[in-house]
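S.K.: Residue numbering for the sequence shown follows our numbering, starting at 1135 and increasing by one per position.
Idealized CB from N, CA, C, for every residue including glycine.
The model shown is predicted, which means the values in this text are computed figures rather than measured ones.
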Amino acid sequence: MRIECPICKRVIVDAPDDHGPRPFCSTPCKMIDLGNWLSEAYRIPVSSREDGTEDSDDHTLS
Ligand SMILES: [Zn+2]
């Protein structure tokens, strides 16, 4: 089978059908992709409502 590694763009034209790290050329490339995926997952914004507009009315009491 033919493999075009999405990480390093290397093309393997004669990879065996049971090529372990497919669709990557090698296990290190697979690990890099996994790391990229995890960092994407952690990039979700924690809160977009921290500008304090909700408490602005309370300032009139003090
Ligand atoms: Zn690769």
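1. In chain order, what residues of the same chain lie with their CB nearer than 6 Å to the CB of residue 1166, ignoring the 5 residues before and after it?
2. Which residues neighbour ligand 1 when neighbourhood means a C-beta less than 6 Å away from any of its non-hydrogen atoms? List them by chain order.
3. I'd like to confirm the pairing. Which residues does DSSP put opposite residue 1145 in its beta bridges?
4. Starting from residue 1163, follow the alpha helix (DSSP H) in both directions and report where the run begins and ends.
M.R.: Per the coordinate set shown:
1. 1141
2. 1139, 1141, 1142, 1144, 1158, 1159, 1160 and 1163
3. 1138
4. 1161-1175
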